[in-house]
Every structure is written in C-alpha cells, then in structure tokens.
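The sequence shown lines up with residues 13 to 484 when you count with my numbering. Every residue gets a Cβ at the ideal spot worked out from N, C-alpha and C, and that includes glycine. Computed from a predicted model, the values in this text were never measured in an experiment.
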Amino acid sequence: MHSRYRTCFPLQKCEDTVETVAQLCGEWRRTVSPEHAAALATGATIKLSETERIESLLVDRPGGFAWGMRHWIQDENEPTLNWITDVGVQHDACSAWLSVTNYLTSSSDVAATPLYRARTRPRIVRDCLKRLGTPLPVGPNARELRADEAEVKRFVEELLDPARRYPIVFVSCCNIDDRPLTDAAKLADWVSGLASVVVAKNRFPSRRLQDHLPQHLGCWDGAVRIYWPRFQLTDAGEVHRVWAAGSVRDYDRDDSNYEFKFKEAILTRICDLTGHQTHREYLDWPTINALANNAKTEAAVAAARGAGDERELVKLFESENKTLVAANEERQYRIEFLESELARERDLAEYWREQSLTKSAPVDVQPAGPESVASVFEAIDWAKKRYPDELVFAFNSKSDEETPYEPPTEVARALEWLATTFLDARTAVRPCPDLKKSIREHCGGAWFWMGGQSDYTVSKYDGDYHCQYAGK
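In structure tokens form, the structure reads like this:
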C-alpha cells in the first residue's frame, strides 16, 4: 500500500495534544459527534456508515505515549477504491510529533479502468498546524523575503543547512510589475506540513540571490523553484525543479482551474520524494497496532510468568514469533517495492539527464544576426520577427528606433545574444559561466553586461532606467 501523502513534524504546543487532535479529527469528519471524538482520544472503533469507519488506539510508552487513528471511507464515484488516512501522535516529556499519511487502495483484485484522483493535502494537517503550531517553517503561511542583504544571507544559509529536512519553494516576482505569477499564500496552504514557501517581496531579492547562488540555481522574473534538502552550490540545475515564468503563466492556460493544477503539480513533486522518507518519530496505523500488540503480549507474558504457566508462555511466544515473521515478510515486500521504485526513478533520471545533455550540447554553427541591416531600426525589426516570444521592446525617455548607432549589426547581435545565450542562462536551459565575456565575444569588445544597479543610481538617472510597457 503506497502512500499518496505523507508528513511528520513536531508540534509547538504539547498540552492536551491527543485530545486536541482527536477533536480536530472529529471536526474534519463532520459525521463524527463530539462524544465520538472524545472516545477516539482514549481508543475506540466507530462505524459511521456502511462505507465509512474510524478507529483509534492509545498506547503507554516509557516516558510518554503514542496515539494513532485510522479513517477509512469508500470513494464517492468508484466503490472498489478506498481512501485511508492515518493520523499519529508520539508524545514524550518534552516533545510531541504529528504524522499524517493518506492512501488510495483497491478492495478488488479485478483490474479496473484507471481513474485520475488529484493529489491533495488532508485538511487535518492544516487544522493541526493552525491550532497547535510547529517550530518548523512549514506552516500554512508563506514567508516574505526582502532585498535586505542580511535577510538574503540568512535565506541562503537556510538553503545550505545540512540539517534541513523540508523542501523550500521559492516564488519570485516578475520584473515588469514586482508581483508573483502564482498566489504564494494559497500555495503555502496547499503544501503546509511538507514544505516551506518563501515569496520575494519584489524583483530585487532574486537579484540579491544572484550574488550568492550560481546562475543555474537561481530563480527570478516570476519563476518558481523547489530547493530540496541537502542543497549544495555544486548541484546541477535540473536537480532542483524550476518552473520558468512561461511555464507558470501558461500552466493549463485553457483551463479555468489552472491555479489548482499548478499547486497540485508542486504538491505531487514533493509527495513523490517524501513518500519514501522515514523518521524516528513517524507513526502510522501499522506501527501503533504493533505497539499495542507488543504491550498486550508483554502484559500477558508477565502474568504467565507470575503464575508459572509454562504452557501459556509457549503459546504466547509462538504467537509473537508468527507476528514477527509476518512483519518481516511485510518489510521484505516493502524493500522489493522500493527497489523497483528506485530502479524506475533511476531510469527516469537517466532519461532526463540525457535529454538535458542533448539540449545543452554546444552547436557547431551559431546563428548570427543579419549582416545586411543598415540601421538600428532594421536591427530591431529583425529581432522582433526572429524572437517574438523571447523579446519585448520598450524605449526609455532617451532612446528611439532612429538611434544612429554604428555599426547597427552589433545591435542585432546584442539582441540575438539577449534572446538566446542570456535567456537560456537565466532559465537554466544552458548555463553560461561568464555573461560579461560571452557578450563581448558575441557582439564586440564595446559591449558589456551588468546584473543590476544600485537604487541610488536608478533613481538618479530615472530616464535611463525606466520605460513604459503594457500601460505601466
């Protein structure tokens, strides 16, 4: 049984944790009465209907206790499919951890027509985070990143922290209007409990990050990127998935539900990784069941030894041995399943690596700008026709199409460089280690590139740095 969603995180508040989680589970499943919710906190089995049931267990442990709940409900549209949600709480003297796992299983051995079911975050995760909190930055709210140098450095340190266990989803802002292309607040709510969402306040934090991260690991101009745990500056760009601005903007453009589908794509990517992660604090229904059975067996063994009943002891040990054999078989099956999944993921990674190498392979003949252009006007007209999807044109107050620059072929080459080498480097399609050297080689020694300017310079020479585009 493979999980579709799986998370485990510490809780901020540790008082009455089980009672609160049981109450929230009751509110989550509206068919559960307050009396049933109170019973769940101490361990109960409740049949809500012919297609829905819920059960829980409470087990005392050295220094604390463990509580688990399993909710089972039949799919609304396909009776052979069952939704199972496990909620677990591990509690000791100084900490409490919440685990939530969601499965979709089949109750029939007969192969059915494949049905699509969207990947979602169980509501109980968000409710527990809002009520009990967590010391980790994986809550339902996005964090804002400003262009303050100290703040950017702290963010980079968080990215590079080897102890970080959660992915970071960074949402950049578009250069043209200083706004993100997706709603970071809704995205943070959607991936809460699994990842931390950080949204740039404007376009400048992304520019600050360019001073700390390699170009192929950056994120700017409306792009969204996932930085996985164990992030390093030497990582390849394809390791940390990025959705360029065009991908975010055009995600299922013809579908009115595109924003939901983009969030689902992010959540699916994260769940595919976290579905196999294990933590010492992780608690699902099979684990809490095993703990309860072990507690019963230990109590029965102690009673049999106290009574000197050797025959009963033999029965108990035989039963325990059968349980261990079954658990070992289950683990072996799990290992085989994970090995097959690993092989599949390796094949997929190798495929994408080959595709990336093929796409980024150097081309022997580079397309050059037209040598026949006689003016800047013709160079711009050529670039508009050659790169309609890569370039937009807007002049500042000191420029126009009749600028008498000589030679105009260099202008065409500069626009070509902007639409190819520069754009590919910025979108991690083909890294360029030295943009300054690249533009000199492509356009001529008089051309240079700068990654940004100070706020003072931009404000002092406003006419040089600002233009009108799309009514703004």
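Asked, Found
"Tell me, to the nearest whole angstrom, how far the beta carbon of I85 is from that of E67; I am working on the premise that it is less than 8 Å.", "Rounded, the Cβ-Cβ distance is 13 Å, inconsistent with contact."
"Going by beta-carbon coordinates alone, are E237 and R219 separated by less than 8 Å?", "Note on identity: in this sequence residue 237 is Arg, with Glu being the wrong assignment. No, the Cβ-Cβ distance between R237 and R219 is not below 8 Å."
"Counting only runs that start and end within the segment 105-171, where is the alpha helix (DSSP H) found for 4 or more residues in a row?", "135-144"
"CB-CB under 8 Å to Q222, same chain, minus the five flanking residues each way: which ones, in chain order?", "G230, W232, G463, G464"
"Quick one: grab the DSSP three-state call for G249.", "helix"
"Whole angstroms is fine: what's the gap from E27's alpha carbon to G234's?", "42 Å"
"Return the bridge partner residues of I85 from the DSSP annotation.", "E64, W95"
"Distance check for H83 and K59, CA to CA, integer angstroms please.", "10 Å"
"Please report the residue range of the alpha helix (DSSP H) in which V315 lies.", "For the record, residue 315 in the displayed sequence is Ala; it is not Val. Counting along the chain, the alpha helix (DSSP H) containing A315 begins and ends at 297-319."
"Ignoring anything shorter than 4 residues or poking outside the segment 25-52, list the alpha helix (DSSP H) runs there in chain order.", "29-40"
"Which of helix, strand or coil does DSSP assign to I188?", "coil"
"Spatial neighbours of K484 within its chain, please: CB distance less than 8 Å, with the 5 preceding and 5 following residues excluded, ordered by chain position.", "I188, D189"
"Does DSSP put G22 in a helix, in a strand, or in coil?", "Reading the sequence as shown, one finds Pro at residue 22 and not Gly. In the structure shown, P22 sits in a strand (DSSP, three-state: E or B)."
"For Y239, which residues does DSSP report across the bridge?", "I180"
"From C479 to A108, what does the alpha carbon distance come to, in whole angstroms?", "55 Å"
"Kindly confirm or deny that the segment 197-216 and the segment 132-141 touch, where touching means at least three C-beta pairs closer than 8 Å.", "yes"
"Which residue marks the beginning of the alpha helix (DSSP H) containing S466, and which one marks its end?", "Where S466 is concerned, there is no enclosing alpha helix (DSSP H), given that its DSSP letter is neither H nor E."
"Taking its Cβ as the centre, do 16 or more other Cβ atoms sit within 10 Å of V337, making it buried, or is it exposed?", "exposed"
"Taking V423 as part of the alpha helix (DSSP H), name the residues at either end of that continuous run.", "420-429"
"Looking at the strands, I want to know which residues DSSP matches up with Q102.", "A78, W109"
"At the level of alpha carbons, what is the spacing between K449 and P149?", "40 Å"
"Would you call V404 buried or exposed, if buried means 16 or more other Cβ atoms sit within 10 Å of its Cβ?", "exposed"
"One question on the structure: do P147 and P241 come within less than 8 Å of each other, judged by their Cβ atoms?", "no"
"Bridge partners of N214, per DSSP?", "Beta-bridge pairing links N214 to no other residue."
"Within 10 angstroms of the Cβ of Y17, are there 16 or more other Cβ atoms? Answer buried if so, exposed if not.", "buried"
"Going by other Cβ atoms of all chains shown within 10 Å of its Cβ, with 16 needed for buried, is T421 buried or exposed?", "buried"
"Please work out which residues of its chain come closer than 7 Å, Cβ to Cβ, to Q378, disregarding the five sequence neighbours upstream and downstream, and give them in chain order.", "Unreliable placement is indicated for Q378, whose pLDDT of 44 sits below 50; the coordinate value is still reported in the next sentence. Once the five neighbours on either side are set aside, Q378 has no close Cβ partner at all."
"Starting from N333, follow its DSSP beta bridges and name the residues at the other end.", "N333 is not bridged to any residue."
"Measure the alpha-carbon distance for S331 versus Q344 and round it to whole angstroms.", "20 Å"
"With DSSP as the reference, identify every bridge partner of D474, one or two as the case may be.", "Answer is none; D474 lacks a bridge partner."
"Using three-state DSSP, classify K396 as helix, strand or coil.", "helix"
"DSSP puts T57 in a beta bridge; with which residues?", "E67"
"Nearest CA to the CA of E169: which residue from C20, L245, T97, T280?", "L245"
"Count the other CB atoms within 10 Å of the CB of E62; is the residue buried (16 or more) or exposed (fewer)?", "exposed"
"I need the straight-line Cα distance from A458 to V423, nearest angstrom please.", "11 Å"
"First and last residue of the alpha helix (DSSP H) that includes C231?", "Unbroken run through C231: none, as it is neither H nor E."
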